[in-house]
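One structure is given here, and the rest of the page talks about it.
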Amino acid sequence: MRLFISFFVAQCVLASRSRIALFWSFVYPVAMLLLMLSVFGGSGKSDATGSDPRLITVTGVYVLTMMSGGIFALATVLSADLHSGIYKRLKLTDLQPAQVLAALILRQFVTVILGMALVYAGSTLLFSVTPHGNFFAIAFLTVVATVLFCSIGLIIANLCAHPPTATATANAIFLVMLFLSGSTFPKAFFPGWLINAAQVLPASHLFDLLEAQLYYNEGLTSNMPSLVVLLAMCLVLFVIAVKTFKWK
Numbered sequence: 001m002r003l004f005i006s007f008f009v010a011q012c013v014l015a016s017r018s019r020i021a022l023f024w025s026f027v028y029p030v031a032m033l034l035l036m037l038s039v040f041g042g043s044g045k046s047d048a049t050g051s052d053p054r055l056i057t058v059t060g061v062y063v064l065t066m067m068s069g070g071i072f073a074l075a076t077v078l079s080a081d082l083h084s085g086i087y088k089r090l091k092l093t094d095l096q097p098a099q100v101l102a103a104l105i106l107r108q109f110v111t112v113i114l115g116m117a118l119v120y121a122g123s124t125l126l127f128s129v130t131p132h133g134n135f136f137a138i139a140f141l142t143v144v145a146t147v148l149f150c151s152i153g154l155i156i157a158n159l160c161a162h163p164p165t166a167t168a169t170a171n172a173i174f175l176v177m178l179f180l181s182g183s184t185f186p187k188a189f190f191p192g193w194l195i196n197a198a199q200v201l202p203a204s205h206l207f208d209l210l211e212a213q214l215y216y217n218e219g220l221t222s223n224m225p226s227l228v229v230l231l232a233m234c235l236v237l238f239v240i241a242v243k244t245f246k247w248k
């Protein structure tokens, strides 16, 4: 346990020094919040549901915060570390692969929480948009989403031999989920076939579940199909991440 804690702390220190990780974890989500609420925020008047429509925008920013903190921050930085041989030397220690993955995911969970806190502060203080919803439900979805997106980042880093390839792959996956999940463009504008195609994306189900919490103020089980699919995707991707992990 002491070795695990030491590795986790070391990873947090390294992440705090990585400009790439800091950009995708903090700068990018806040910049997107400012852009989307400034340009597409609207008047902020309550709609037919009685909720501020800008909450949908905040929901989208929360989703992209989890995606960027999990996929980009891990795929890019971890790929570079694997390529440099840092983890090959760790193989000589008593650290197990499961401990390495757990420490990396825990580090990114802390990062995602900080990123979401910045988004919450920005939306509340700058735009007077206060997200609501059940705290425990949102926390649960954040944990599941962090493990899921970190697993995607780990898989990319494990399977791509070179950092530029990992970055390009992460970018492609991120952009597809960004534009088709509903985080940036409302799904109501999508044709039927595209809405159906978007259901294969975990970010799409996450957005629907968070939207139900933040905008419609519904319970976590109000959309059981999306919840079950998201949990299943999280489990499958995590298992793949464990199976594909390598020290170099």
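Following the UniProt record's numbering from start to finish, the sequence shown increments by one per residue and tops out at 248. Ideal Cβ positions, reconstructed from N, Cα and C, are used throughout, including at glycine.
The C-alpha of arginine 17 is placed about 28 Å away from the C-alpha of methionine 177.
A Cβ-Cβ separation of about 6 Å places glutamine 213 in contact with isoleucine 138 under the 8 Å criterion.
Taking C-beta atoms under 8 Å as the contact rule, methionine 36 and valine 61 qualify, at a distance of about 7 Å.
The three-state secondary structure of glycine 192, taken from DSSP, is helix.
In this chain, the alpha helix (DSSP H) harbouring cysteine 12 covers 2-17. The stretch 108-122 makes no contact with the stretch 197-215: fewer than 3 CB pairs, one atom from each, lie closer than 8 Å. Spanning the alpha carbons of serine 25 and proline 191 requires a straight line of approximately 32 Å. Taken in chain order, the complete alpha helix (DSSP H) segments of 4 or more residues contained in the stretch 86-142 are 86-90 and 97-127. Glutamine 96 is positioned such that its CB atom lies no closer than 9 Å to that of cysteine 150. Judged by their CB atoms, phenylalanine 8 and alanine 103 are nearer to each other than the 9 Å cut-off.
Put simply, the backbone Cα of phenylalanine 127 is about 43 Å away from that of alanine 161. In the three-state DSSP reduction, asparagine 217 falls in the coil class, being neither helix nor strand. Per the Cβ contact rule, the stretch 79-95 is in contact with the stretch 155-174 (3 or more Cβ pairs under 8 Å). The continuous alpha helix (DSSP H) containing asparagine 171 extends over residues 163-180. Inter-segment contact for the stretch 181-189 and the stretch 142-156 is absent: fewer than three beta-carbon pairs are separated by less than 8 Å.
Excluding its 5 nearest sequence neighbours in each direction, histidine 132 has C-beta neighbours in its own chain below 7 Å: Leu214 and Asn217, listed in chain order. Using a 10 angstroms sphere on the CB of valine 58, the tally of other CB atoms reaches 16 or more, which defines it as buried.
Within a 10 Å sphere around the beta-carbon of arginine 54 sit 16 or more other beta-carbons, which makes this residue buried. For threonine 184, there is no enclosing alpha helix (DSSP H), as DSSP gives it neither H nor E. Shortest Cα-Cα distance from serine 38 to any of Arg19, Val77 and Val129 involves Val129. Here alanine 170 has Ile71, Phe72, Ala75 and Ile156 as same chain residues with Cβ atoms under 6 Å from its own Cβ, once five neighbours each way along the sequence are excluded.
Here the C-alpha atom of threonine 142 lies approximately 22 Å from the C-alpha atom of leucine 78.
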